[in-house]
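Asker:
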Amino acid sequence: MRKNSNPVESAPESNNNINIIHSRILKRLSLAELCLAAVAFFLVTVLFVSRFFYSNFETPLPNSNLNPGSVDWLGSIKVASSPLPSQSFEYETLNVSSSSLSFENNEELEKEVSFLDEGGDGCDIFDGNWVWDETYPLYNSPDCPFMDGGFRCSENSRPNHQYTKWRWQPKHCNLPRFDGEKMLEKLRNKRVVFAGDSISRNQWESLLCLLSSAVSNKSSIYEVNRNPITKHSGYLIFKFDHFNCTVEYYRSPFLVLLGHPPPKSPPNVKYALKVDQMDRTANRWNQADLLILNSGRWWTYEKTLRTGCNFEEGRKMKMNMSVETAYKKSMETVVDWVNTKVNKKKTLVYFRTYSPSHFRGGSWKNGGGCHMETLPELGPLTSNEHSYVKIVSDVLSSKKRSSNLEMLNVTNMSMRRKDGHPSIYNSKGDKNKSPSHIQDCSHWCLPGVPDSWNELLYAIFLKRQLLIRT
Numbered sequence: 001m002r003k004n005s006n007p008v009e010s011a012p013e014s015n016n017n018i019n020i021i022h023s024r025i026l027k028r029l030s031l032a033e034l035c036l037a038a039v040a041f042f043l044v045t046v047l048f049v050s051r052f053f054y055s056n057f058e059t060p061l062p063n064s065n066l067n068p069g070s071v072d073w074l075g076s077i078k079v080a081s082s083p084l085p086s087q088s089f090e091y092e093t094l095n096v097s098s099s100s101l102s103f104e105n106n107e108e109l110e111k112e113v114s115f116l117d118e119g120g121d122g123c124d125i126f127d128g129n130w131v132w133d134e135t136y137p138l139y140n141s142p143d144c145p146f147m148d149g150g151f152r153c154s155e156n157s158r159p160n161h162q163y164t165k166w167r168w169q170p171k172h173c174n175l176p177r178f179d180g181e182k183m184l185e186k187l188r189n190k191r192v193v194f195a196g197d198s199i200s201r202n203q204w205e206s207l208l209c210l211l212s213s214a215v216s217n218k219s220s221i222y223e224v225n226r227n228p229i230t231k232h233s234g235y236l237i238f239k240f241d242h243f244n245c246t247v248e249y250y251r252s253p254f255l256v257l258l259g260h261p262p263p264k265s266p267p268n269v270k271y272a273l274k275v276d277q278m279d280r281t282a283n284r285w286n287q288a289d290l291l292i293l294n295s296g297r298w299w300t301y302e303k304t305l306r307t308g309c310n311f312e313e314g315r316k317m318k319m320n321m322s323v324e325t326a327y328k329k330s331m332e333t334v335v336d337w338v339n340t341k342v343n344k345k346k347t348l349v350y351f352r353t354y355s356p357s358h359f360r361g362g363s364w365k366n367g368g369g370c371h372m373e374t375l376p377e378l379g380p381l382t383s384n385e386h387s388y389v390k391i392v393s394d395v396l397s398s399k400k401r402s403s404n405l406e407m408l409n410v411t412n413m414s415m416r417r418k419d420g421h422p423s424i425y426n427s428k429g430d431k432n433k434s435p436s437h438i439q440d441c442s443h444w445c446l447p448g449v450p451d452s453w454n455e456l457l458y459a460i461f462l463k464r465q466l467l468i469r470t
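Heads up: the sequence shown begins at 1 in UniProt numbering, then just goes up one per residue.
Put into structure tokens, the structure is as follows:
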């Protein structure tokens, strides 16, 4: 067979062959590209979701505005309009599933009634969850001059601030958002008194900050004896001059009287905790309009019996009395005092329950800590009711309760907030603090958890005002 040697004649056939080959290659490449695009999209999605749930939840993705939706106090979901404060990004494994994160559903929350409405009468405001809310905190610590330095976590170099973004949401109703101006009007010409241990002071300072955020002229708020707001063993009285209102704190860790033991007591007894007598400063509390009591932190073996502080009843030392029995008797004394010495027509009394600590790996003095805790416990609580909460509840149930005495049960809600303590950020100093630094896992950062206690107090107080009017 003779080959065609004319290039002009063979060109069409060659071009057709080349076009066919090109067409097949393009088809194969398109299919490959589609597969690669699908795989890439899947991998990017997985990486994004993994990065969200396994990164430090308190720190936003760099240059991202994909923040958790915010939930306002009426329960409506809002998409964050701007990223969270810029912070360095760090990775941390979180033991939490997406189903346990409490970003409440809009439709579910809209069904809930307000606690202040008639339909909210049966709502247990102490039964709920912590939900993320971009509109929080209610104030910033640099704007509040009425706060102890140990509670100023953000100013003490805590690198993340998302512990301030959680709001307490009852399961079956909505709480009113704290309104400082409204509360001050309600407190005009009145006295608010906190009496208890240093956690009571923590809550007292929280209320000072919440109220003062509604006052532009901070110089109109002052300590009546011109004492600085520093740690001490006495009392502090701050006056809101424009409202003729005082917000007071009295240090009384036991609420009952701590004094000298009676004559002929055993030589190892250094102090006597008189479980049947109120603290000497109690005569300053009983004329308050709003009285918040608490005790529990100091009722331990280490802070009583081990230090030579034994219990006295009926002017006799009770050397075999346990700490829990003594606590129960002291609570009975407190309730009796409220029923007999407090003006029921004037004073509303709230007993705030035990505030839990979150030391892990030991106590505060032997290496225990809560450093790097970044999330609340959002799932079911595994621990049972705290024994001191049960004691208070039993005492209030068994004794004839005064109509103006209520329990502010913050124990379970606070049990979830292992992320809310100062930890190593309880004093100013080096930004790169070592976890070996003595940690505070008992008190709370401000703004933080005690603000939610005061929001509960605010809601109950407003509810009581509504009931009085009707």
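Backbone N, C-alpha and C define an ideal beta-carbon position, used for all residues, glycine too.
Remember, predicted model here, so these are calculated numbers, not experimental data.
Which partner residues does Asn174 have in the DSSP bridge list?
Answerer: For the purposes of this step, residue 174 is taken as the residue at position 174 of the sequence shown. BP columns for Asn174 point to Ser114.
Asker: Would you call the segment 253-263 and the segment 159-167 touching, i.e. three or more CB-CB distances under 8 Å?
Answerer: In short, these stretches do not touch, since the Cβ pair count stays below three.
Asker: Rounded to a whole number of angstroms, what is the C-alpha to C-alpha distance between Asn404 and Val342?
Answerer: The count along the sequence shown starts at 1 and reaches residue 404 at position 404. The count along the sequence shown starts at 1 and reaches residue 342 at position 342. Going from the Cα of Asn404 to the Cα of Val342 covers about 9 Å.
Asker: When you compare only the Cα positions, how much space is there between Asp279 and Pro356?
Answerer: The count along the sequence shown starts at 1 and reaches residue 279 at position 279. The count along the sequence shown starts at 1 and reaches residue 356 at position 356. Between Asp279 and Pro356, the C-alpha separation is close to 24 Å.
Asker: Leu255 and Tyr350 look like a contact to me (Cβ under 8 Å); what is the Cβ gap, rounded to whole Å?
Answerer: Numbered from its first residue, the sequence shown carries residue 255 at position 255. Numbered from its first residue, the sequence shown carries residue 350 at position 350. Incorrect: roughly 13 Å between the Cβ atoms, too far for contact.
Asker: To the nearest angstrom, how far is the alpha carbon of Val269 from that of Gly196?
Answerer: Against the sequence shown, residue 269 aligns to sequence position 269. Against the sequence shown, residue 196 aligns to sequence position 196. Approximately 24 Å between the Cα atoms of the pair.
Asker: With the cut-off set at 8 Å, would you say Phe146 and Glu205 are in Cβ contact?
Answerer: The residue you call residue 146 lines up with position 146 of the sequence shown. The residue you call residue 205 lines up with position 205 of the sequence shown. Contact: yes.
Asker: What is the rounded straight-line gap between the Cα of Ser442 and the Cα of His421?
Answerer: In the sequence shown, residue 442 corresponds to position 442, counting from 1. In the sequence shown, residue 421 corresponds to position 421, counting from 1. Cα to Cα, Ser442 sits roughly 7 Å from His421.
Asker: Exposed or buried, what is Gln465 when buried is set at 16 or more other beta-carbons lying within 10 Å of its beta-carbon?
Answerer: As a working mapping, residue 465 is identified with position 465 in the sequence shown. Counting Cβ neighbours within 10 Å, Gln465 comes out exposed, since fewer than 16 surround it.
Asker: Helix, strand or coil, according to DSSP, for Ser355 in the structure here?
Answerer: Locating residue 355 in the sequence shown gives position 355, counting from the first residue. Coil, per DSSP.
Asker: If we count the other Cβ atoms within 10 Å of its Cβ and call it buried at 16 or more, is Leu207 buried or exposed?
Answerer: Position 207 of the sequence shown, counted from the first residue, corresponds to residue 207. By the 10 Å Cβ count, Leu207 comes out buried.
Asker: Assuming His386 and Tyr354 are in contact, meaning their beta carbons sit under 8 Å apart, how far apart are those beta carbons, in whole angstroms?
Answerer: Walking along the sequence shown from the start, residue 386 turns up at place 386. Walking along the sequence shown from the start, residue 354 turns up at place 354. 5 Å between Cβ atoms; contact.
Asker: Give me, in chain order, the residues of the same chain whose beta-carbon lies closer than 6 Å to that of Thr411; leave out the 5 immediate sequence neighbours on both sides.
Answerer: Start at 1 with the first residue of the sequence shown, and residue 411 comes out as number 411. Only Thr353, Tyr354, His386, Val389 meet the Cβ criterion.
Asker: Could you name the residues that DSSP lists as bridge partners for Gly259?
Answerer: Position 259 of the sequence shown, counted from the start, is the residue given in the question as residue 259. Gly259 pairs with Ala272.
Asker: Less than 8 Å between the beta carbons of Leu293 and Cys245, yes or no?
Answerer: Position 293 of the sequence shown, counting from 1, holds the residue named residue 293. Position 245 of the sequence shown, counting from 1, holds the residue named residue 245. Cβ distance not < 8 Å, so Leu293 and Cys245 don't count as in contact.
Asker: Could you tell me which of Glu332, Pro170, Arg315 sits nearest to Glu112, measuring between CA atoms?
Answerer: Against the sequence shown, residue 112 aligns to sequence position 112. Taking only the C-alpha atoms, the option nearest Glu112 is Pro170.
Asker: In this structure, how does DSSP classify Cys209 when only helix, strand and coil are distinguished?
Answerer: As a first step, residue 209 must be located in the sequence shown, where it is residue number 209. Three-state result, Cys209: helix.
Asker: Since Pro447 and Leu138 should fall inside the 8 Å C-beta cutoff, what is the C-beta to C-beta distance between them, to a whole number of angstroms?
Answerer: To locate residue 447, count along the sequence shown from 1; it is residue 447. To locate residue 138, count along the sequence shown from 1; it is residue 138. Right, the Cβ-Cβ distance comes to about 6 Å (below 8 Å), so this counts as a contact.
Asker: From the DSSP output, which residues share a beta bridge with Met407?
Answerer: Residue 407 sits at position 407 when you count from the first residue of the sequence shown. Bridge partners of Met407: Phe351.
Asker: Measuring straight from C-alpha to C-alpha, what distance separates Ser154 and Lys182?
Answerer: Stepping through the sequence shown from its first residue, residue 154 is reached at position 154. Stepping through the sequence shown from its first residue, residue 182 is reached at position 182. Those two C-alpha atoms are separated by around 28 Å.
Asker: I'd like the list of long-range same chain contacts for Thr347, defined as Cβ closer than 8 Å, with 5 residues on each side in sequence excluded.
Answerer: Here residue 347 is taken as the residue at index 347 of the sequence shown, counted from 1. Answer for Thr347: Asn286, Gln287, Ala288, Asp289, Leu290, Leu291, Asn404, listed in chain order.
Asker: Given a threshold of 16 other Cβ atoms within 10 Å of its Cβ, counted over all protein chains shown, does Trp453 qualify as buried or as exposed?
Answerer: Counting from one through the sequence shown, the residue named residue 453 turns up at place 453. Under this definition Trp453 is a buried residue.
Asker: Going by C-alpha distance, which of His172, Arg177, Val395 is nearest Thr135?
Answerer: Position 135 of the sequence shown, counted from the start, is the residue given in the question as residue 135. Of the candidates His172, Arg177, Val395, the one whose C-alpha sits nearest the C-alpha of Thr135 is Arg177.
Asker: Given a threshold of 16 other Cβ atoms within 10 Å of its Cβ, counted over all protein chains shown, does Val224 qualify as buried or as exposed?
Answerer: Looking up residue 224 in the sequence shown gives position 224. It counts as exposed.
Asker: Using the three-state DSSP reduction, which class does Thr246 fall into: helix, strand or coil?
Answerer: Position 246 of the sequence shown, counting from 1, holds the residue named residue 246. If DSSP states are grouped into helix, strand and coil, Thr246 belongs with the strands.
Asker: Give me, in chain order, the residues of the same chain whose beta-carbon lies closer than 8 Å to that of Val395; leave out the 5 immediate sequence neighbours on both sides.
Answerer: Here residue 395 refers to the residue found at position 395 of the sequence shown. Excluding positions up to five away in sequence, the list reads Lys328, Met331, Glu332, Val335.
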